[in-house]
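Visitor: Those protein sequences? They're chains A and B, same order as listed. Sequential numbering from 0 applies to the first sequence in numbering that gives the first Met the number 0. Sequential numbering from 0 applies to the second sequence in numbering that gives the first Met the number 0. All C-beta atoms, glycine included, are put in the ideal place defined by N, C-alpha and C. The structure's right below; bear with me while I get my questions together.
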Amino acid sequence: MKKVLLTALAVYIFLAPFTYHPDTKLTLRYASVDQGRVFNIYRYLGENETSMPDFHYPPLHFLILKLEYWLLRPIGGNGFDQWLATGSFLGNETKLYSYIFLTKLPLIGLTMISAWLIYRLVLAMGGNKQAAMKGMKWWLFNPITIFSVAIMGQNDIWTISVFLVGLLISVNRPWFGFVVMGLSAGIKSYPLVWMGLVAMGGPFGGWFKKIGLLIVGCLVYGLSLVPFLSTPGFMESVVGSGLMSRILVAKIDIGFGESVMIGPMLLVLVMVLAIGSGKNEFKKLMWWLMTAGLVMIGWSHFHVQWLLWLVPFWSIYVGVFKGNSPNYLMGLIWLVGLGIWLMFDDVFLVWGLVAPIKPELINWPTIYQFFGNKGMDGGLLVDGLHSVLAGLSIGAIFWGLR
Amino acid sequence: MKRAWLILPLWLLFLTMIGWFPAVDFDRSDASNLEYLRIFSLGRLTRKLIIGRPGFYRSDLRLKNPALESYDMVEVKLLSKEGQVLASHRVSGKNIDDPDWVRFDWGNQFPQGEYELVLEMVELVDGKLEVGLKESKLVVNNYYRLASGPKQAITVTFEALRELLVDNTWLALGMGLIYYLAVKNVGENKK
Numbered sequence: 000m001k002k003v004l005l006t007a008l009a010v011y012i013f014l015a016p017f018t019y020h021p022d023t024k025l026t027l028r029y030a031s032v033d034q035g036r037v038f039n040i041y042r043y044l045g046e047n048e049t050s051m052p053d054f055h056y057p058p059l060h061f062l063i064l065k066l067e068y069w070l071l072r073p074i075g076g077n078g079f080d081q082w083l084a085t086g087s088f089l090g091n092e093t094k095l096y097s098y099i100f101l102t103k104l105p106l107i108g109l110t111m112i113s114a115w116l117i118y119r120l121v122l123a124m125g126g127n128k129q130a131a132m133k134g135m136k137w138w139l140f141n142p143i144t145i146f147s148v149a150i151m152g153q154n155d156i157w158t159i160s161v162f163l164v165g166l167l168i169s170v171n172r173p174w175f176g177f178v179v180m181g182l183s184a185g186i187k188s189y190p191l192v193w194m195g196l197v198a199m200g201g202p203f204g205g206w207f208k209k210i211g212l213l214i215v216g217c218l219v220y221g222l223s224l225v226p227f228l229s230t231p232g233f234m235e236s237v238v239g240s241g242l243m244s245r246i247l248v249a250k251i252d253i254g255f256g257e258s259v260m261i262g263p264m265l266l267v268l269v270m271v272l273a274i275g276s277g278k279n280e281f282k283k284l285m286w287w288l289m290t291a292g293l294v295m296i297g298w299s300h301f302h303v304q305w306l307l308w309l310v311p312f313w314s315i316y317v318g319v320f321k322g323n324s325p326n327y328l329m330g331l332i333w334l335v336g337l338g339i340w341l342m343f344d345d346v347f348l349v350w351g352l353v354a355p356i357k358p359e360l361i362n363w364p365t366i367y368q369f370f371g372n373k374g375m376d377g378g379l380l381v382d383g384l385h386s387v388l389a390g391l392s393i394g395a396i397f398w399g400l401r
Numbered sequence: 000m001k002r003a004w005l006i007l008p009l010w011l012l013f014l015t016m017i018g019w020f021p022a023v024d025f026d027r028s029d030a031s032n033l034e035y036l037r038i039f040s041l042g043r044l045t046r047k048l049i050i051g052r053p054g055f056y057r058s059d060l061r062l063k064n065p066a067l068e069s070y071d072m073v074e075v076k077l078l079s080k081e082g083q084v085l086a087s088h089r090v091s092g093k094n095i096d097d098p099d100w101v102r103f104d105w106g107n108q109f110p111q112g113e114y115e116l117v118l119e120m121v122e123l124v125d126g127k128l129e130v131g132l133k134e135s136k137l138v139v140n141n142y143y144r145l146a147s148g149p150k151q152a153i154t155v156t157f158e159a160l161r162e163l164l165v166d167n168t169w170l171a172l173g174m175g176l177i178y179y180l181a182v183k184n185v186g187e188n189k190k
């Protein structure tokens with residue numbers, strides 16, 4: 000295990016300081032306002048004139064950012080604070096590489112911890128050490144993980160690692176496990192879907208207990224929101240944000256002004272299959288968790304780094320599963336992810352990622368704009384790629400029935 | 000895992016590839032609170048350009064066609080310090096927005112030095128075409144094509160390494176230590 004972790008760490012540490020996306024810096028900027036003394040960021044942004052957009056994540060996410068900030072500031076010093084205050088601007092500080100690396104340091108640490116959790120989960124679900132190592136390698140050396148964590152510095156790793164802790168605990172102590180899962184939903188809300196699936200499709204005995212576990216998880220999530228509910232603008236910023244409603248956009252019109260929302264419909268299908276597949280075991284559940292993530296991403300406007308949601312469950316499943324796992328599915332997801340990434344009409348997500356090495360590359364048009372300049376419709380290609388991923392999510396549902 | 004040593008050469012290759020990639024840079028002018036004036040009433044407008052680096056190949060000028068009604072034709076020329084015309088372009092109001100950065104490619108890459116930009120009316124149709132001025136000067140963005148190739152790639156790589164080793168020494172030491180441990184560990188396992 001040491002060998003794998005050290006090699007992965009070397010890969011991540013060689014990429015992280017030289018690649019940059021503004022989001023990692025911007026989110027930490029929220030934690031640094033007023034020298035880190037603000038605890039209700041929603042109220043602060045409502046009452047003060049700032050250049051910062053609304054904070055769209057739940058309160059626990061903000062507390063975690065504060066934790067990161069408190070840990071990193073003593074290492075980075077005053078220069079780090081001043082760099083954060085410059086917003087999305089990359090900057091040309093002499094210690095730029097160190098500052099970028101610092102913003103990603105906790106995330107890399109969590110990726111390594113998640114690797115260990117995946118190892119433990121594979122063992123807990125009946126796999127041997129070789130299988131556990133296989134799952135760990137799928138996680139650490141997956142291009143999606145490397146892109147999301149080392150290159151993009153995506154905060155989703157917090158949610159994922161806390162959820163994995165909850166999942167591992169729930170194998171033996173489900174009540175406590177669901178408390179931790181509820182906390183992960185408090186960081187970003189999508190684990191609510193995973194929590195529902197684990198409660199209903201996991202081997203936790205009778206229906207009363209399953210529903211009880213789900214209520215406990217939701218209660219913890221709800222409690223994490225309660226202190227902020229009275230803050231003006233909180234509901235609009237967090238619960239009603241565009242990020243949360245993306246999955247509700249794809250619809251089928253059923254007339255009379257009503258419609259069926261495709262994403263939620265497929266999630267219900269996944270849940271019914273997870274309950275009714277008769278297996279009611281953890282290892283099959285991993286496939287359904289991966290499929291649920293694929294449905295959420297495949298049927299909404301997603302950013303490539305969110306594909307990270309799939310990887311832990313895929314890695315555990317591939318580790319535990321004894322037959323031929325559908326590696327071609329992950330291969331296709333990589334290809335679609337690569338296509339969507341290259342076609343994203345946001346220069347910070349494409350050439351901008353290597354701006355610390357050559358800042359002038361930010362002046363290039365995106366490939367999407369280049370297509371437009373040549374009279375071609377890049378949107379058609381993007382739509383095609385989204386369709387492939389949506390198709391793969393349905394394919395994954397069918398594969399799960401085997 | 001057996002080839003952890005490859006991380007360092009692959010990383011250097013990555014830096015070199017990024018350095019090799021061609022890129023452009025530009026000087027952007029402040030286009031806020033401009034004064035828009037009709038070109039025909041201003042006669043011949045000039046602006047001295049002091050180009051501080053090689054690769055100068057393109058300029059944007061701030062023009063404005065109010066309500067898209069103008070069909071005036073203007074000419075923009077790039078002159079050397081000695082007054083020799085290096086490049087020129089004519090543009091009609093019907094190709095200009097309200098307002099617009101109008102792009103002029105000079106068809107060549109010019110070295111650093113002193114140049115003059117000239118804007119003048121060549122076909123007065125309605126007199127409605129306007130130009131954006133800041134403190135009575137033409138507003139211009141200049142573009143530079145940066146050198147690319149092996150020399151540039153090596154320069155970028157060395158610059159990145161210099162910044163890492165000199166300005167970010169602790170990070171460099173950390174990277175070196177993790178790399179050493181990864182390679183050593185794999186080596187021990189192979190034995």
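May I ask which residues mark the beginning and end of the beta strand (DSSP E) holding Trp100 of chain B?
Guide: Its beta strand (DSSP E) spans residues 99 to 109.
Visitor: With H, G and I counted as helix, E and B as strand and the rest as coil, what does DSSP make of Lys72 of chain B?
Guide: According to the sequence shown, residue 72 of chain B is Met rather than Lys. In the structure shown, Met72 of chain B sits in a strand (DSSP, three-state: E or B).
Visitor: CB of Val349 of chain A to nearest heavy atom of the ligand NAD: below 7 Å?
Guide: With respect to the ligand NAD, the structure shown offers nothing to examine, as it has no ligands at all.
Visitor: Mind pulling the chain A residues with CB within less than 7 Å of Ala3 of chain B?
Guide: Near Ala3 of chain B (Cβ distances below 7 Å), the residues of chain A are Thr6, Ala9.
Visitor: In the DSSP assignment, find the unbroken alpha helix (DSSP H) run with Arg28 of chain A in it and report its ends.
Guide: Looking at the DSSP string, the run of the alpha helix (DSSP H) that includes Arg28 of chain A is 21 to 31.
Visitor: Under 8 Å between C-beta atoms, does Val353 of chain A make it to chain B?
Guide: Cβ-Cβ to chain B under 8 Å: yes for Val353 of chain A.
Visitor: Excluding sequence positions up to five away, which residues of its chain have a Cβ less than 7 Å from the Cβ of Val101 of chain B?
Guide: Answer for Val101 of chain B: Asp59, Leu60, Leu62, Val90, Ile95, listed in chain order.
Visitor: Under 8 Å Cβ-Cβ, which residues of chain A neighbour Ala30 of chain B?
Guide: None at all; the shortest Cβ gap to chain A is about 17 Å.
Visitor: In chain A, what lies closer than 9 Å to Phe157 of chain B by C-beta?
Guide: Within chain A, no residue comes near Phe157 of chain B; the closest Cβ sits about 12 Å away, beyond 9 Å.
Visitor: At 7 Å on the CB atoms, spell out the chain A contacts of Tyr178 of chain B, in chain order.
Guide: Correct list: Ala9.
Visitor: For a quick check, are the C-beta atoms of Leu109 of chain A and Ile143 of chain A less than 8 Å apart?
Guide: Cβ atoms of Leu109 of chain A and Ile143 of chain A: not closer than 8 Å.
Visitor: List, in order along the chain, the chain B residues whose C-beta lies closer than 9 Å to that of Phe13 of chain A?
Guide: Ordered by position in chain B, the residues that pass the 9 Å Cβ test against Phe13 of chain A are Ile6, Leu7, Leu9, Trp10, Phe13, Met174, Ile177, Tyr178.
Visitor: At 4 residues or longer, and completely inside the region 344 to 381 of chain A: list those alpha helix (DSSP H) runs for me, N to C.
Guide: Listed in chain order, they are 366 to 372.
Visitor: Output the residue ranges of the alpha helix (DSSP H) runs that lie fully inside the region 85 to 163 of chain A and measure 4 residues or longer, sorted by chain position.
Guide: Segments of the alpha helix (DSSP H) lying fully in the region 85 to 163 of chain A: 95 to 123, 128 to 139.
Visitor: If you drop the 5 nearest sequence neighbours on each side, which residues of the same chain put their C-beta closer than 6 Å to that of Pro21 of chain B?
Guide: So the list reads Ser147, once near-sequence residues are dropped.
Visitor: Report back the beta-carbon spacing between Leu106 of chain A and Gly152 of chain A to the nearest angstrom; my notes put them in contact at under 8 Å.
Guide: The pair is a contact, with the Cβ atoms about 6 Å apart (cut-off 8 Å).
Visitor: Of all the residues that make up the region 82 to 111 of chain A, which are near chain B by a beta-carbon distance shorter than 8 Å?
Guide: Of all residues in the region 82 to 111 of chain A, Thr93, Lys94, Leu95, Tyr96, Ser97, Phe100 have a Cβ within less than 8 Å of some Cβ in chain B.
Visitor: Identify whether Glu46 of chain A lies in helix, strand or coil by the three-state DSSP scheme.
Guide: In this structure, Glu46 of chain A counts as helix in the three-state DSSP scheme.
Visitor: Within 8 Å, do at least three Cβ pairs link the region 6 to 23 of chain B to the region 353 to 362 of chain A?
Guide: The region 353 to 362 of chain A is in contact with the region 6 to 23 of chain B.
Visitor: Can a CB atom of chain A be found closer than 8 Å to the CB of Asn64 of chain B?
Guide: Cβ-Cβ to chain A under 8 Å: no for Asn64 of chain B.
Visitor: Considering Lys321 of chain A, what are the terminal residues of the beta strand (DSSP E) in which it resides?
Guide: Per DSSP, Lys321 of chain A belongs to no beta strand (DSSP E) and is neither H nor E.
Visitor: Secondary structure at Asn39 of chain A, three-state DSSP: helix, strand or coil?
Guide: In the structure shown, Asn39 of chain A sits in coil (DSSP, three-state: anything other than H, G, I, E or B).
Visitor: In its own chain, which residues sit with a C-beta less than 7 Å from the C-beta of Phe54 of chain A, not counting the 5 before and 5 after it?
Guide: If we look at Phe54 of chain A and ignore the five residues flanking it on each side, its Cβ neighbours are Tyr29, Ile40, Tyr41, Leu44, Phe61, Ser236.
Visitor: Please report the straight-line C-alpha distance between Leu272 of chain A and Leu266 of chain A, rounded to a whole angstrom.
Guide: C-alpha separation (whole angstroms): 10 Å.
Visitor: In three-state terms, what does DSSP make of Gly42 of chain B?
Guide: Coil at Gly42 of chain B, not helix or strand.
Visitor: Are the region 387 to 398 of chain A and the region 112 to 130 of chain B touching by the rule of at least three beta carbon pairs closer than 8 Å?
Guide: Contact fails: fewer than three Cβ-Cβ distances are below 8 Å.
Visitor: So which of A:Pro58, A:Ile361, A:Ile315 has the shortest CA-CA distance to Leu228 of chain A?
Guide: It is A:Pro58.
Visitor: Please say whether Leu64 of chain A and Thr26 of chain A have beta carbons closer to each other than 8 Å?
Guide: Yes, these two residues count as a Cβ contact at 8 Å.
Visitor: Quick one: does Trp169 of chain B have its CB under 8 Å from some CB of chain A?
Guide: Taking Cβ atoms only, chain A reaches closer than 8 Å to Trp169 of chain B, which makes this a yes.
Visitor: Might you give, ordered along the chain, the residues of its own chain that have their beta carbon closer than 6 Å to the beta carbon of Met260 of chain A, omitting 5 neighbours on each side?
Guide: Correct list, in chain order: Leu247, Lys250.
Visitor: Counting beta carbon pairs with one atom in the region 312 to 325 of chain A and one in the region 363 to 370 of chain A, are three or more of them shorter than 8 Å?
Guide: Flag = no, the region 363 to 370 of chain A and the region 312 to 325 of chain A do not touch.
Visitor: Report the residue ranges of all alpha helix (DSSP H) runs contained in full by the region 101 to 187 of chain B; include only those spanning at least 4 residues, in chain order.
Guide: Listed in chain order, they are 149 to 161.
Visitor: If you drop the 5 nearest sequence neighbours on each side, which residues of the same chain put their C-beta closer than 6 Å to that of Lys190 of chain B?
Guide: Since pLDDT at Lys190 of chain B reaches only 48, below the 50 mark, its modelled position is unreliable, and the value read off the structure follows with that caveat. Once the five neighbours on either side are set aside, Lys190 of chain B has no close Cβ partner at all.
Visitor: Taking Leu48 of chain B as the reference, give the member of B:Trp105, B:Leu11, B:Glu115 with the closest Cα.
Guide: Of B:Trp105, B:Leu11, B:Glu115, the residue nearest in Cα terms is B:Glu115.
Visitor: In terms of alpha-carbon separation, which member of A:Gly256, A:Gly176, A:Asp252 lies closest to Cys217 of chain A?
Guide: Residue A:Gly176 is the option with its Cα nearest to Cys217 of chain A.
Visitor: Looking at the structure shown, is Glu81 of chain B part of a helix, part of a strand, or coil, going by DSSP?
Guide: Coil, per DSSP.
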